[in-house]
Amino acid sequence: MPITGLLTKYGFDGGWGSVFYCFGVFGLFWYIAWLLLVYETPAEHPGLSTEEREILSHHDKDLETIGSVSVPWINILTSLPVWAIVAANFALDWAFYILLISIPKYLVEVQQTEIHTMGFLAAAPFLVKGVFTPVSGLTADLMRKKMQTKTVRRVFYAVGTLLTGVLIVAAGYAHVVAVVVFVALAGASTSISYAGYTVNMLDIAPRCAGVIMGICNTVGTTAGFISPMLVGFLTQHKSAAEWRIVFWVGGIIMFVGTGLFCLLLEADRQDWDKKMDGSTNDENQGQDKPAKEEVLTPPSRK
């Protein structure tokens, strides 16, 4: 965002053209670096020591020995805990697009912020998010040693999402400095939410977590085009009052998402997911109990 703001003011080809050229070239360089530096398996990487390869390959499975897997689509699509995660993801995606698209537009249209300055201001929530996301995950894991997983997931999501909704609504009634503070705090609060719902799909269905993530992303991404369309419809006169309606809609969506997730949330592995690996024992149960620390022992040196 800061680079985009600077390029629009000082860049070549009218400003905006330089944004697309520069980021397009950067993407090409990134792709070349990826081809040169990324390898299929640890065994193929020339920069790893023998001990590192053994540690990374210790739990590898030979994909050629794994047969075809039948995804239990009906069970997934009729599972209330799955839809709890979908609802939680949609609410947080809506908040994400408010921070990514709506807030920068609000700073320019209502707060009369210069576009090159806006880029730095609008980047605040994402800088804060980069710090708080790993901290939130670590804190949640520590709390699971003393509390039920279900309780931890519920508390983290509810606190993070409701606080995000309050901060976004408050931004509509503040001046530019306070707006930046509020959205930066919103970046931190969304990080708290991640420790509540993004890992919950691994709690309930580790074998189907990829499928559930795909469903979540499909539904959640709709916020990426519904939200801007709604903003355009509600802010035709670009007034502060119209923008407050936009932020209140976001706050309500986050409130509803929190209610659905907290009501339908589960933390135990679902029976239909166990059937995918033939597990009938309780080795994957007990996730609604205080978590025990698991220590992976690397293979001994030869």
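Just so you know, the sequence shown maps onto residues 1 to 302 in UniProt numbering. Every residue gets a Cβ at the ideal spot worked out from N, C-alpha and C, and that includes glycine.
| Item | Value |
| --- | --- |
| Option in Glu242, Tyr173 and Cys216 with minimal Cα separation from Pro81 | Cys216 |
| Beta-carbon separation (whole angstroms), Leu107 vs Leu121, contact threshold 8 Å | 6 Å |
| Cβ neighbours of residue 318 in the same chain (closer than 7 Å, five flanking residues each side left out) | Because the chain in this structure spans residues 1 to 302, residue 318 falls outside the shown range and cannot be described. |
| Beta-carbon proximity of Ile101 to Ser227, cut-off 8 Å | yes |
| Start and end residues, alpha helix (DSSP H) containing Arg269 | Where Arg269 is concerned, there is no enclosing alpha helix (DSSP H), given that its DSSP letter is neither H nor E. |
| Neighbourhood of Trp30 by C-beta distance below 7 Å, restricted to the same chain and skipping five residues each side | none |
| For Thr198 and Val211, the rounded distance between their alpha carbons | 13 Å |
| Exposure label - Ser79; buried when at least 16 CB within 10 Å | buried |
| Residue closest to Phe23, alpha-carbon to alpha-carbon, out of Phe132, Lys105, Ile3 and Val38 | Ile3 |
| C-beta contact flag for Gln111 and Val176 at 8 Å | yes |
| Environment of Met254 [buried if 16+ CB atoms lie within 10 Å] | buried |
| Limits of the unbroken alpha helix (DSSP H) element including Ser147 | Ser is not the amino acid found at residue 147; the sequence shown has Met there. Run containing Met147: none; DSSP gives neither H nor E here. |
| Neighbourhood of Arg244 by C-beta distance below 6 Å, restricted to the same chain and skipping five residues each side | Gly172 |
| Alpha helix (DSSP H) segments (min. 4 residues) lying fully within the segment 130-200 | 149-171 and 176-197 |
| Residue burial classification, Glu266 (beta-carbon count within 10 angstroms, cutoff 16) | buried |
| Buried versus exposed call for Val71 [16 or more other C-beta atoms within 10 Å across all chains shown] | exposed |
| Nearest-angstrom Cβ-Cβ length linking Gly165 and Gly232, presumed shorter than 8 Å | That belief does not hold up - the Cβ atoms of Gly165 and Gly232 are roughly 22 Å apart, past 8 Å. |
| Sufficient close CB pairs (3 or more, under 8 Å) joining the segment 145-164 to the segment 189-196 | yes |
| Local Cβ density within 10 Å of Ala87, reported as buried at 16 or more and exposed below that | buried |
| 8 Å contact criterion, which Asp268 and Cys208 should meet: CB distance rounded | Their Cβ separation, rounded to whole angstroms, is 14 Å, which puts Asp268 and Cys208 out of contact at 8 Å. |
| Given Ala241 as reference, the closest of Val169, Leu77 and Lys150 once Cα atoms are compared | Val169 |
| Neighbourhood of Thr235 by C-beta, 7 Å cutoff - its chain only, sequence neighbours within 5 removed | Glu242, Trp243 and Val246 |
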